[in-house]
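Going line by line, the protein sequences match chains E and F.
Residue 871 is where the first sequence starts when you use our numbering, and the numbers rise one by one after that.
Residue 871 is where the second sequence starts when you use our numbering, and the numbers rise one by one after that.
Number of protein chains: 2
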Amino acid sequence: MDKPPRPSRKEVFLNYKIWLSSLTGHGQIENDTYQLLEIIDSKGTLRAAAEDAGMSYRKAWGKITSAEDILGYPLLEKHRGGKNGGNSTLTPASHKLLEAYRALQQRFDDSIEEAFNDFVKNLNKQSE
Amino acid sequence: MDKPPRPSRKEVFLNYKIWLSSLTGHGQIENDTYQLLEIIDSKGTLRAAAEDAGMSYRKAWGKITSAEDILGYPLLEKHRGGKNGGNSTLTPASHKLLEAYRALQQRFDDSIEEAFNDFVKNLNKQSE
DNA sequence: TTTCGTTATGTTTACAAAATCATATCGAAT
DNA sequence: ATTCGATATGATTTTGTAAACATAACGAAA
């Protein structure tokens, strides 16, 4: 026998976002900033990292300085001038931030998955 | 003896947000929508609920229809006309959604609090 | 059959956020 | 001293989102 027609349900997705902010709420440090830091770490310059990440230098620079403002300490040792124009390297605090963030993100991913499974189970319960 | 001066660290806050979306990504169902549903449930009309929630009727209506679009089924039984102008009541599916969401939120809050603490602990580790 | 308060929705305006543009500064190497 | 490529930053333009405005439709009750 055929199942009776049900209200057409669409597939839904559970999303999340985490970010750091200061008390003032001006600006936030989120995923793209951490990514940027990682690329700077491998490329050696903010400019190259910006291009690599598909954003303008202006934007990338803004993200870094904004993050530094929020935290109250520098994330990059910036050098300018010289034959190669300059370069940027991550500070120790920056490396530590990155590491801590990645661990946090992993845990979020895990608990989101669990929680969402239960959520869907709840929704479908006693519907059939 | 005085503590040596340290790089001035500001207090930072970790924020997060969860929401439901469809495959298309158009629109999202987040906390304020669930709140709205709860108020409708107690007030009886979308209009009264909107005012109570401090948003325009237009906005509240948009949130509800957007949520319905994402889910693919109605959240409200809307009646218009009549002496009292009309009213709205939650569908059974709507009640179930609310319940499931609240459970999700609770779970999430719990498991995330730990993660936050560990994050801060990581950041401060080996700094002194 | 008029009324009244609600649901329903297109249109326009205002504002905020983001992208783009323009330009200055720096300093090791040549 | 000049050059060159990166850092540094103000100013302008564009765009996208949210709020505000306006107006129609509905139907039970009087």
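Quick reminder that beta carbons are idealized off the backbone N, C-alpha and C, glycines included.
Just so it is clear, the structure is predicted and the values come from calculations on it, not from any experiment.
Within chain E, the residues that A920/F reaches when beta carbons sit closer than 8 Å: For the purposes of this step, residue 920/F is taken as residue 50 along the second sequence, with counting starting at 1. From the beta-carbon of A920/F, no residue of chain E is found nearer than 8 Å; the closest lies around 24 Å away.
DSSP state of R950/F mapped onto helix, strand, coil: Within the second sequence, the letter at position 80 stands for residue 950/F. Here DSSP, grouped into helix, strand and coil, assigns R950/F to strand.
Short CB-CB distance (under 8 Å) between K880/E and chain F: By 1-based counting over the first sequence, the position of residue 880/E is 10. In terms of beta-carbon proximity, K880/E lines the interface with chain F, with at least one pair separated by less than 8 Å.
Contacting residues, own chain, Cβ-Cβ under 7 Å from E938/F (five flanking each side not counted): Locating residue 938/F in the second sequence gives position 68, counting from the first residue. Closer than 7 Å at the Cβ level, and outside the excluded window around E938/F, lie P944, L945.
V882/E - containing alpha helix (DSSP H), residue span: In the first sequence, the residue the question calls residue 882/E occupies position 12. No alpha helix (DSSP H) holds V882/E; the beta strand (DSSP E) holding it covers 882-891.
CA-to-CA distance, G956/F to L941/E, given in whole angstroms: For the purposes of this step, residue 941/E is identified with residue 71 of the first sequence, where counting begins at 1. For the purposes of this step, residue 956/F is identified with residue 86 of the second sequence, where counting begins at 1. Approximately 52 Å between the Cα atoms of the pair.
Closer than 8 Å to chain E by CB, I934/F: Looking up residue 934/F in the second sequence gives position 64. Taking Cβ atoms only, chain E never reaches closer than 8 Å to I934/F, which makes this a no.
G1002/F (DSSP reduced to helix, strand or coil): Given a span of 871 to 998 for chain F in the structure shown, any question on residue 1002/F remains unanswerable.
For I899/F: DSSP bridge partner residues: For the purposes of this step, residue 899/F is taken as the residue at position 29 of the second sequence. DSSP, once it has assigned bridges, lists L890/F as partnering I899/F.
Straight-line gap, N885/F to G952/E (C-alpha atoms, nearest Å): Locating residue 885/F in the second sequence gives position 15, where the first residue counts as 1. Locating residue 952/E in the first sequence gives position 82, where the first residue counts as 1. Rounded to the nearest angstrom, the two C-alpha atoms are 41 Å apart.
Rounded straight-line distance, which links the Cα of L974/E to that of L906/E: Along the first sequence, read from residue 1 onward, the residue named residue 906/E stands at position 36. Along the first sequence, read from residue 1 onward, the residue named residue 974/E stands at position 104. When the Cα atoms are used, L906/E and L974/E turn out to be separated by approximately 17 Å.
For R879/E, the first and last residue of its enclosing alpha helix (DSSP H): For the purposes of this step, residue 879/E is taken as the residue at position 9 of the first sequence. Looking at the DSSP string, R879/E is not in any alpha helix (DSSP H), and its letter there is neither H nor E.
Contact under 8 Å by Cβ, R917/E with Y904/E: To locate residue 917/E, count along the first sequence from 1; it is residue 47. To locate residue 904/E, count along the first sequence from 1; it is residue 34. It is not a contact, given that the beta carbons lie outside the stated cut-off.
Contact set between A985/E and chain F, taken where Cβ atoms lie within less than 7 Å: Looking up residue 985/E in the first sequence gives position 115. Going along chain F in sequence order, the residues near A985/E (Cβ under 7 Å) are L974, R977, F978.
Secondary structure of P962/F, DSSP reduced to three states: Taking the second sequence and counting its residues from 1, the one referred to as residue 962/F is at position 92. In this structure, P962/F counts as helix in the three-state DSSP scheme.
Partners in chain E for L941/F, counting only beta-carbon separations shorter than 8 Å: For the purposes of this step, residue 941/F is taken as the residue at position 71 of the second sequence. Within chain E, R879, K880, V882 have C-beta atoms less than 8 Å from the C-beta of L941/F, given in sequence order.
Short-range partners of chain E found in the segment 948-961 of chain F, where Cβ spacing is below 8 Å: Those residues of the segment 948-961 of chain F that come within reach of chain E (Cβ to Cβ, closer than 8 Å) do not exist; the list is empty.
E908/E versus W931/E: straight-line alpha-carbon distance, rounded: To locate residue 908/E, count along the first sequence from 1; it is residue 38. To locate residue 931/E, count along the first sequence from 1; it is residue 61. It is roughly 14 Å from the alpha-carbon of E908/E to the alpha-carbon of W931/E.
Where the alpha helix (DSSP H) through G924/F begins and ends: Within the second sequence, the letter at position 54 stands for residue 924/F. Per DSSP, G924/F belongs to no alpha helix (DSSP H) and is neither H nor E.
Per-residue contacts from S964/E into chain F (C-beta, under 9 Å): What you label residue 964/E is simply residue 94 of the first sequence in a count that begins at 1. None at all; the shortest Cβ gap to chain F is about 11 Å.
C-beta atoms of L960/F and D911/F nearer than 8 Å: Numbered from its first residue, the second sequence carries residue 960/F at position 90. Numbered from its first residue, the second sequence carries residue 911/F at position 41. It is a contact, given that the beta carbons lie within the stated cut-off.
Partner residues on chain F for K929/E, Cβ-Cβ distance less than 9 Å: Walking along the first sequence from the start, residue 929/E turns up at place 59. Listed by position along chain F, the residues whose Cβ is nearer than 9 Å to that of K929/E form an empty set, because the closest Cβ is around 22 Å away.
Contact list for Y886/F against chain E, beta-carbon separation under 8 Å: Indexing the second sequence from 1 puts residue 886/F at position 16. Those within 8 Å of Y886/F in chain E are Y886, K887, I888, W889, F978.
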